[in-house]
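Heads up, the thing below is written out as C-alpha cells.
Numbering (this note's numbering), first residue to last: 12 to 313.
Given below as C-alpha cells:
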C-alpha cells in the first residue's frame, strides 16, 4: 500500500515540475509568421496617380550584404510579378523570405493617400491568401504572387541577391522605382560607379541615406520609333507593358577619397620609377661613352 502511495506521490511531483518547466520556457514563435517590423512602410506616392489609381511603387532598401528589403505599393492589382537576379553560387538559397502583406481587397477600399498612410501606421498583417508560382520566360525567372482578386496596400519581402555592391532591377511600366542606399554609401562617381539610367530625382532622407527615384509612368519610345513617326507623320503605338533595366553601383562615401589617395601614391611611385630609369640610363650612356673613348685611344696608339 505504501508503495502505491509513493508511486502516486512521485507521479504528482513529476507532473507539477513539468508544469513549472512549461511556464518558465516560452514557446518559440512560428518561423513562418511574417515580421512587418523589419520593413519601412512609407507612403511614397509623390503624385504618381494614373487613371484614378496609383502606379505601382517599388522601393528597394539596399544593403552591403547579399539581400535587399523590398516594399511595393500596389493599387487594384491581383498579381505581383517579381524578376529576381539569382546568385549562381547559391542555387539552393531561398530567394524570397518574410513576405508581408498589409492590404485589403480593392472592392472594399478606395484609392487614396490616407488609406496607404493608415496601413503604414497600423502595420497589421492581413489575412489575405495568395499563391506563389514560378516561370522561366526568355531565360529570366519570374516569381508570381497571385491573389484571388485585386488588392490595395503593401507587399513587402526580403530578396536574396548576388553579393557585391552592384544592384540591378528589371522594372515594368507603368511604375515608380526607388533605391535607398545604405547609410554612409553613395554613388555617382564616373570611375567607381553610378546609376544607369540617370535617376529622375536624387535626395537624402532623414537618416541621411541617398534616395534614387525613377518615374517611369508610361511606356517609352525609342529614338528609332520617334524618327519613324517624324518621317511618316504618324503615331506608332507603344506596347502596353514594357520592361526597363535599372542598375546602380554604390560604394562607401570615403571610397573616392581613398581612390584619390591611392592614385596619388601610385602616381608618385611611377614618377620615382621613371626618374630612376632615366638616371640609370644616363649612367649607362656615360659608361658606354667612356668605354668607346678608351677603345678609340688604344687604336690611335697602335
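Note that the Cβ used here is the ideal one computed from N, Cα and C, for glycine as well.
**Message:** Which residue marks the beginning of the beta strand (DSSP E) containing residue 78, and which one marks its end?
**Reply:** On the chain shown, residue 78 is found 67 positions in, with the first residue counted as 1. Here the beta strand (DSSP E) through residue 78 covers 78 to 93.
**Asked** Is the stretch 186 to 199 close to the stretch 113 to 126, with three or more CB pairs under 8 Å?
**Response** no
**Request:** Specify, as a first and last residue, the run of the alpha helix (DSSP H) that residue 72 falls within.
**Result:** For the purposes of this step, residue 72 is taken as the residue at position 61 of the chain shown. Taken as a continuous stretch (DSSP letters only), residue 72 belongs to no alpha helix (DSSP H), being part of the beta strand (DSSP E) at 67 to 72.
**Item:** Sequence-distant residues of the same chain with beta carbon closer than 6 Å to residue 79, five excluded per side
**Value:** Taking the chain shown and counting its residues from 1, the one referred to as residue 79 is at position 68. Excluding sequence neighbours, residue 79 sits near 71, 73, 170, 172.
**Asked** DSSP state of residue 151, grouped into three classes?
**Response** By one-based count along the chain shown, residue 151 stands at place 140. Looking at residue 151 - three-state DSSP - the assignment turns out to be strand.
**Prompt:** For residue 173, which three-state DSSP category applies?
**Reply:** Numbered from 1 along the chain shown, position 162 holds the residue referred to as residue 173. It is coil, neither helix nor strand.
**Prompt:** Is residue 134 helix, strand or coil when you go by DSSP?
**Reply:** Here residue 134 is taken as the residue at index 123 of the chain shown, counted from 1. In this structure, residue 134 counts as coil in the three-state DSSP scheme.
**Item:** Which residues DSSP lists as bridging residue 284, in chain order
**Value:** As a working mapping, residue 284 is identified with position 273 in the chain shown. Paired residue(s): none; residue 284 is not in a bridge.
**Asked** Hey, how far is the Cα of residue 110 from the Cα of residue 49?
**Response** Looking up residue 110 in the chain shown gives position 99. Looking up residue 49 in the chain shown gives position 38. Cα to Cα, residue 110 sits roughly 11 Å from residue 49.
**Prompt:** Using the C-alpha atoms, what's the distance from residue 198 back to residue 52?
**Reply:** Here residue 52 refers to the residue found at position 41 when the chain shown is read from its first residue. Here residue 198 refers to the residue found at position 187 when the chain shown is read from its first residue. Each residue's Cα considered, the two are about 24 Å apart.
**Request:** Indicate whether residue 6 and residue 155 have their beta-carbon atoms separated by less than 7 Å.
**Result:** This structure leaves residue 6 out entirely; the chain is present only between 12 and 313.
**Asked** Near residue 216, what residues of its chain come up, given a Cβ to Cβ distance below 8 Å and the 5 sequence neighbours on each side ignored?
**Response** Translated into the one-based positions of the chain shown, residue 216 becomes position 205. Correct list, in chain order: 191, 222.
**Prompt:** Can you give the beta carbon distance from residue 158 to residue 141, rounded, assuming they're within the 8 Å contact cut?
**Reply:** Within the chain shown, the letter at position 147 stands for residue 158. Within the chain shown, the letter at position 130 stands for residue 141. Rounded to whole angstroms, the Cβ separation of residue 158 and residue 141 is 5 Å, and the two are in contact under 8 Å.
**Prompt:** Can you name, in chain order, every residue of its own chain whose Cβ lies under 6 Å from the Cβ of residue 167, other than the five neighbours on each side?
**Reply:** For the purposes of this step, residue 167 is taken as residue 156 along the chain shown, with counting starting at 1. Excluding residues within five positions, the ones whose Cβ falls inside 6 Å are 50, 82, 111.
**Item:** Helix, strand or coil at residue 279 [DSSP, three-state]
**Value:** Taking the chain shown and counting its residues from 1, one reaches residue 279 at position 268. Looking at residue 279 - three-state DSSP - the assignment turns out to be helix.
**Message:** residue 181 and residue 45 - do their beta-carbons sit closer together than 7 Å?
**Reply:** Numbered from 1 along the chain shown, position 34 holds the residue referred to as residue 45. Numbered from 1 along the chain shown, position 170 holds the residue referred to as residue 181. Contact: no.
**Prompt:** Which residues bound the beta strand (DSSP E) around residue 114?
**Reply:** Looking up residue 114 in the chain shown gives position 103. Start and end: 107 to 116.
**Message:** Just verifying my parser: in three-state terms, what is the DSSP assignment at residue 200?
**Reply:** Counting from 1 along the chain shown, the entry for residue 200 is found at position 189. Reduced to three states, the DSSP call for residue 200 is strand.
**Asked** On the three-state DSSP scale, how would you describe residue 161?
**Response** One-based indexing of the chain shown puts residue 161 at position 150. Residue state, collapsed to three classes: strand.
**Prompt:** What's the gap between the Cα of residue 292 and the Cα of residue 277?
**Reply:** On the chain shown, residue 292 is found 281 positions in, with the first residue counted as 1. On the chain shown, residue 277 is found 266 positions in, with the first residue counted as 1. When rounded, the distance between both Cα atoms is 22 Å.
**Message:** Could you give the first and the last residue of the continuous beta strand (DSSP E) run that contains residue 223?
**Reply:** Within the chain shown, numbered from 1, the residue matching residue 223 stands at position 212. Where residue 223 is concerned, the enclosing beta strand (DSSP E) stretches over 221 to 227.
**Request:** Within its chain, find whatever has a CB closer than 8 Å to the CB of residue 97; leave out the 5 residues flanking it on each side and keep chain order.
**Result:** Locating residue 97 in the chain shown gives position 86, counting from the first residue. Residues of the same chain with a CB within less than 8 Å of the CB of residue 97, apart from the 5 flanking positions on each side, are 106, 152, 173 in chain order.
**Prompt:** With which residues is residue 96 paired in a DSSP beta bridge?
**Reply:** Residue numbering aside, residue 96 sits at position 85 when the chain shown is read from its first letter. Residue 96 has no beta-bridge partner at all, per DSSP.
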